[in-house]
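*Asks:* Sequence positions in the sequence shown follow this note's numbering and run 51 to 516. Ideal Cβ positions, reconstructed from N, Cα and C, are used throughout, including at glycine. Provided herewith is a single structure, encoded as structure tokens, for subsequent inquiry.
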Amino acid sequence: MEDKFKTNILDKSALKTNGTVNYNSIGTFLTRVKEKNPGEIEFYEAVKEVIDSVWELLERHPKYLHSNILERLTEPERVIMFRVPWTDDQGHVHINRGYRVEFNSAIGPYKGGLRFHPSVNLDILKFLAFEQTFKNSLTTLPIGGAKGGADFDPKGKSEAEIMRFCQSFMTELYRYIGPATDIPAGDIGVSRREIGYLFGQYKRLSNEFNGVMTGKGAESGGSLLRPEATGYGLVYFVNEMLQAHNKSLEGQTVAISGSGNVAQFAAEKSLHLGGKVVSLSDSDGTIYDPKGLDEEKLTFVKHLKNEKRGRISEYAKKYDVTYLENQTAWNIPCDIALPCATENEIDEQDAIALVENGCRCVAEGANKPCQPGAVQVFLKNDLLFGPGKAANAGGVAVSQLEMAQNSMHTQWSRAEVDIKLQEIMSNIHSKCITHGEADRSINYIKGANIAGFIKVADAMLQQGLV
Ligand code: GLU
Numbered sequence: 051m052e053d054k055f056k057t058n059i060l061d062k063s064a065l066k067t068n069g070t071v072n073y074n075s076i077g078t079f080l081t082r083v084k085e086k087n088p089g090e091i092e093f094y095e096a097v098k099e100v101i102d103s104v105w106e107l108l109e110r111h112p113k114y115l116h117s118n119i120l121e122r123l124t125e126p127e128r129v130i131m132f133r134v135p136w137t138d139d140q141g142h143v144h145i146n147r148g149y150r151v152e153f154n155s156a157i158g159p160y161k162g163g164l165r166f167h168p169s170v171n172l173d174i175l176k177f178l179a180f181e182q183t184f185k186n187s188l189t190t191l192p193i194g195g196a197k198g199g200a201d202f203d204p205k206g207k208s209e210a211e212i213m214r215f216c217q218s219f220m221t222e223l224y225r226y227i228g229p230a231t232d233i234p235a236g237d238i239g240v241s242r243r244e245i246g247y248l249f250g251q252y253k254r255l256s257n258e259f260n261g262v263m264t265g266k267g268a269e270s271g272g273s274l275l276r277p278e279a280t281g282y283g284l285v286y287f288v289n290e291m292l293q294a295h296n297k298s299l300e301g302q303t304v305a306i307s308g309s310g311n312v313a314q315f316a317a318e319k320s321l322h323l324g325g326k327v328v329s330l331s332d333s334d335g336t337i338y339d340p341k342g343l344d345e346e347k348l349t350f351v352k353h354l355k356n357e358k359r360g361r362i363s364e365y366a367k368k369y370d371v372t373y374l375e376n377q378t379a380w381n382i383p384c385d386i387a388l389p390c391a392t393e394n395e396i397d398e399q400d401a402i403a404l405v406e407n408g409c410r411c412v413a414e415g416a417n418k419p420c421q422p423g424a425v426q427v428f429l430k431n432d433l434l435f436g437p438g439k440a441a442n443a444g445g446v447a448v449s450q451l452e453m454a455q456n457s458m459h460t461q462w463s464r465a466e467v468d469i470k471l472q473e474i475m476s477n478i479h480s481k482c483i484t485h486g487e488a489d490r491s492i493n494y495i496k497g498a499n500i501a502g503f504i505k506v507a508d509a510m511l512q513q514g515l516v
């Protein structure tokens, strides 16, 4: 049946006469991606990583190439771009650009976060939505992939300005989303507060109280443990990686970047499992606390970042520890590094420094914080490397549990959600092993990409050319 969809895009150069694939056709395909998406470097890198991982599989199963799944998978199903007008507290008019990239709905409704940050553009959101498609597939839950946001900078904005921006953003977005269509959530710059305003405006415009957004406050139908889920899930995944290699977190020194939602709860769960967390950061710098964080210090960080919206340098002042202004955490000696800030925060030099300082395990709490050159350094040196689409999938997984609770008009206990989250992270880890087992070690990148790909690609084949 797949032959019906045979195209001439790949098969001229990609298929030999006997139907198997030439290796150099990977290049042919990637060149085409580059040409079709000019200047979209982040998107290209994300595609390249997945294609590199799945090419061998395609060679063994030419049905995917015959039906041109690759080209279909790298083209978003729909991209929405819109104007977001709003006024500041002085009455000045501002215009931002809003986006929603609905990338793939083969295995479920579009699902993924919204990012409010000045760096947001189409390239970044296509890359994130593409990644999200495979991440969501890996969770084993029925959710497609999407991402959205705006080039709006929440830094320094008043509560009223944030609310007006969220309301204006949703006034356009609400037409395109719905609990069975597209379910946005948070990402950088969008947390419970913003989700509350966005959900409120959606409810007002649609006259429906439903599960259209996740990450809501518990009183508005949010799932318990959703705020903790990405950070906790990350550490559950690290624990799985360590256990598979006869190690544990107990007594390990953990360097964490970021101090937002993911970093805070990655730190908390690391402490629960006996790790010593020695760093946190924000866009101004990094704190290095060699004695390690404890529950009291963590409470201070949560209040500082979530309530006061202050800078991490205040931690260094309060606890009299080193503040590395404008520096990252990657020169700090550690056993485990958890980059939880943003994409591309670890470059090749940082990776070399981490290896030289004894780091043996890196897992991505953020989406693609490690540059390709850095990842190569980790793999060459046999570090355990957990890619974001596997390691940070706990957040979106609990988002899906929130959708399930909303549609059943119920709320599960924290303990119930936690058990499910642990199971999901353990399943993701097993899938990575199944598809990523290599001679000497486990290639978690390959494992995650192949497992994520197979489910989406097979669903696409089942649903015909749509
Ligand atoms: N932004 C998060 C992620 O990167 C969560 C998305 C969601 O909950 O839909 O996976």
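Based on the DSSP secondary-structure assignment, which residues constitute the bridge partners of His144?
*Replies:* The partner list for His144 (beta bridge, DSSP) reads Trp136.
*Asks:* Can you grab the Cα-Cα spacing for the pair Val285 / Asn381, in whole Å?
*Replies:* So the two alpha carbons sit approximately 21 Å from each other.
*Asks:* On the three-pair Cβ rule with 8 Å, is the region 460-480 touching the region 81-94?
*Replies:* In short, these stretches do not touch, since the Cβ pair count stays below three.
*Asks:* Taking 7 Å as the cut-off, is the CB of Val446 close to at least one heavy atom of the ligand GLU?
*Replies:* Yes, Cβ of Val446 sits closer than 7 Å to a heavy atom of the ligand GLU.
*Asks:* Exposed or buried, which one is Glu346 when buried takes at least 16 other CB atoms within 10 Å?
*Replies:* Glu346 comes out exposed.
*Asks:* In chain order, which alpha helix (DSSP H) runs of at least 4 residues are fully inside the region 283-327?
*Replies:* Whole alpha helix (DSSP H) segments, 4+ residues: 311-322.
*Asks:* Are the beta-carbon atoms of Asn442 and Gly283 separated by less than 8 Å?
*Replies:* Closer than 8 Å, so yes.
*Asks:* Cα-Cα, which of Pro389, Gly360, Ile396, Ser331 is closest to Leu374?
*Replies:* Selected option, being the one with the closest Cα: Ser331.
*Asks:* Taking the alpha helix (DSSP H) that Thr221 belongs to, which residues open and close that run?
*Replies:* Residues 209-223.
*Asks:* Just to confirm, are Gln251 and Asp385 a CB contact at a threshold of 8 Å?
*Replies:* It is not a contact, given that the beta carbons lie outside the stated cut-off.
*Asks:* Can we count Ala96 as close to the ligand GLU, meaning its CB is less than 7 Å from some heavy atom?
*Replies:* Answer for Ala96: no, Cβ out of range of the ligand GLU.
*Asks:* Under three-state DSSP, which class holds Met131?
*Replies:* The answer is strand: DSSP assigns Met131 an E or B state.
*Asks:* Quick one: Cα of Glu90 to Cα of Ile495, how far?
*Replies:* Approximately 22 Å, taken between the alpha carbons.
*Asks:* Taking a contact to mean a Cβ-Cβ separation below 8 Å, would you say Ile500 touches Ser103 in this structure?
*Replies:* Yes, the Cβ-Cβ distance between Ile500 and Ser103 is below 8 Å.
*Asks:* If the criterion is Cβ atoms closer than 8 Å, does the pair Ala235 and Thr264 meet it?
*Replies:* The answer is yes: Cβ separation under 8 Å.
*Asks:* Are the beta-carbon atoms belonging to Val448 and Ala156 less than 8 Å from one another?
*Replies:* No.
*Asks:* Buried or exposed for Met453, going by 16 or more other Cβ atoms inside 10 Å?
*Replies:* With 16 or more other Cβ atoms within 10 Å, it is buried.
*Asks:* Could you check where the alpha helix (DSSP H) with Glu414 kicks off and where it finishes?
*Replies:* Run containing Glu414: none; DSSP gives neither H nor E here.
*Asks:* Can you round the beta-carbon distance between Ala424 and Cys482 to whole angstroms, since I take them to be within the 8 Å contact cut?
*Replies:* Their Cβ separation, rounded to whole angstroms, is 19 Å, which puts Ala424 and Cys482 out of contact at 8 Å.
*Asks:* In the DSSP assignment, find the alpha helix (DSSP H) that holds Thr81 and state where it starts and stops.
*Replies:* Start and end: 75-86.
*Asks:* Which residues does DSSP pair with Asn154 in a beta bridge?
*Replies:* Paired residue(s): Gly195.
*Asks:* Can you find the residues in the same chain that come closer than 7 Å, C-beta to C-beta, to Gly228, ignoring five residues on each side of it along the sequence?
*Replies:* Excluding sequence neighbours, Gly228 sits near Val262.
*Asks:* Report yes if the C-beta distance between Val304 and Gly324 is below 8 Å; otherwise report no.
*Replies:* No, these two residues do not count as a Cβ contact at 8 Å.
*Asks:* Is His167 near Ile238, with beta carbons less than 8 Å apart?
*Replies:* In this structure, Ile238 lies closer than 8 Å to His167 by Cβ.
*Asks:* Using the three-state DSSP reduction, which class does Gly239 fall into: helix, strand or coil?
*Replies:* Residue state, collapsed to three classes: coil.
*Asks:* Since Thr336 sits in a beta bridge, which residues does DSSP pair it with?
*Replies:* Its beta-bridge partners are Ser331, Leu374.
*Asks:* Do Val427 and Glu398 have their beta-carbon atoms positioned less than 8 Å apart in this structure?
*Replies:* Result yes, Cβ atoms of Glu398 and Val427 sit closer than 8 Å.
*Asks:* In terms of DSSP beta bridges, what is Phe435 paired with?
*Replies:* Paired residue(s): Val412.
*Asks:* Starting from Ala424 and walking both ways along the alpha helix (DSSP H), at which residues does that stretch end?
*Replies:* Looking at the DSSP string, the run of the alpha helix (DSSP H) that includes Ala424 is 422-430.
*Asks:* Using only CA atoms, which one of His353, Phe435, Val467, Ser256 lies nearest to Gln450?
*Replies:* It is Val467.
*Asks:* Would you mind giving the Cβ-Cβ distance between Asn417 and Glu393, rounded to the nearest angstrom? I have them listed as a contact below 8 Å.
*Replies:* With a Cβ gap of about 6 Å, Asn417 and Glu393 count as contacting.
*Asks:* Figure out for me which residue from Pro437, Arg490, Gln455 has the closest Cα to the Cα of Asn431.
*Replies:* It is Arg490.
*Asks:* Is Arg276 closer than 8 Å to Tyr226 when the C-beta atoms are compared?
*Replies:* In this structure, Arg276 does not lie closer than 8 Å to Tyr226 by Cβ.
*Asks:* With 16 other CB atoms within 10 Å as the buried threshold, where does Pro126 fall?
*Replies:* It is buried - the Cβ of Pro126 has at least 16 other Cβ atoms within 10 Å.
*Asks:* Are there any heavy atoms of the ligand GLU lying less than 7 Å away from the beta-carbon of Asn118, as far as the coordinates show?
*Replies:* Incorrect: Asn118 has no Cβ contact closer than 7 Å to the ligand GLU.
*Asks:* Just the Cα atoms here: how many angstroms apart are Gly165 and Glu318?
*Replies:* This sequence places Arg at residue 165; Gly is not what is there. Rounded to the nearest angstrom, the two C-alpha atoms are 24 Å apart.
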